[in-house]
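S.K.:
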Amino acid sequence: MSSLVGHLACGVAVYLAQPAHHRAPRALLPVLVWLAICPDLDYLAFWLWHIDFHPRFSHSIAFAVATSTLAYLALWRWRIPFRVLALAALSHPLLDFLVGVHPVPLWWPFSLPEALSPIGLLPSAGRLSFNNAYLWRNLFIECGVLLPVLGVLVARARGCRIRTAPLCVWLVLPLFVGCLWSSLSLHR
């Protein structure tokens, strides 16, 4: 599964991608981050009560749409487009799918077979331990792959043309390519 850092980055990116003419309230940022990390709350049930949900329905598109709908109804006065909330919520199952280590129940409850990406574009977070060197390596690789992509998407959403920032692109491109190559070459 993708790391908490990757999920947080997606929530922040959705917030930053709001057009400059549409001033989103600052209170929207924690809502989008919450929607991006919400599916991993099923870990609390496992850690606290040793309940293991299978399939992990919180990682489905239906769950993302449901949480987005609840957020939309709760925040109707803010007039936030539903697609913004849904994008933050859908980023979670998408990132977990792109890891390619564990199957993700994307189509639950409509289809029971879980989806497994044939190619792992992102590294797995691994065992959560501060002295786990693989965790830190994988976090670096994940950030090196994900942050440039999110940066380009945010820049495009805000109307920035890639040609206007060639130095930035040329500085980040080697990091992105190196991290993507490292991620693709990891043992799955």
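Following my numbering, the numbering of the sequence shown begins with 4 at its first residue and continues without gaps. We put the beta carbon where it would ideally sit given N, CA and C, even for glycine.
Thinking C-alpha only, which one of V175, L78, V148, W139 is nearest L35?
M.R.: Residue 35 sits at position 32 when you count from the first residue of the sequence shown. If we check each option's Cα against that of L35, L78 comes out closest.
S.K.: Within the chosen definition, does the region 45-62 reach the region 181-188 through at least 3 CB pairs nearer than 8 Å?
M.R.: Short answer: they don't touch.
S.K.: Helix, strand or coil: how does DSSP classify A118 here?
M.R.: Along the sequence shown, read from residue 1 onward, the residue named residue 118 stands at position 115. A118: strand per DSSP, three-state reduction.
S.K.: F119 and A12 look like a contact to me (Cβ under 8 Å); what is the Cβ gap, rounded to whole Å?
M.R.: Position 116 of the sequence shown, counted from the first residue, corresponds to residue 119. Position 9 of the sequence shown, counted from the first residue, corresponds to residue 12. Checking the sequence shown, residue 119 turns out to be Leu, not Phe. Rounded, the Cβ-Cβ distance is 23 Å, inconsistent with contact.
S.K.: Can the beta-carbon of S5 be found less than 9 Å from the beta-carbon of S132?
M.R.: Here the question's residue 5 lines up with position 2 in the sequence shown. Here the question's residue 132 lines up with position 129 in the sequence shown. No, the pair does not count as a contact, with Cβ atoms beyond the cut-off.
S.K.: With H, G and I counted as helix, E and B as strand and the rest as coil, what does DSSP make of V107?
M.R.: The sequence position of residue 107 within the sequence shown is 104, counting from 1. Looking at V107 - three-state DSSP - the assignment turns out to be strand.
S.K.: Are the region 66-73 and the region 23-32 touching by the rule of at least three beta carbon pairs closer than 8 Å?
M.R.: Judged by Cβ distances under 8 Å, the region 66-73 makes no contact with the region 23-32, as fewer than three pairs qualify.
S.K.: Quick check on the burial criterion: 16 or more other C-beta atoms within 10 angstroms. Buried or exposed for A136?
M.R.: Taking the first residue of the sequence shown as position 1, residue 136 is located at position 133. Burial call: exposed.
S.K.: Quick check: the Cα distance between V102 and P121, rounded to an integer number of angstroms?
M.R.: Start at 1 with the first residue of the sequence shown, and residue 102 comes out as number 99. Start at 1 with the first residue of the sequence shown, and residue 121 comes out as number 118. Cα-Cα distance, rounded: 9 Å.
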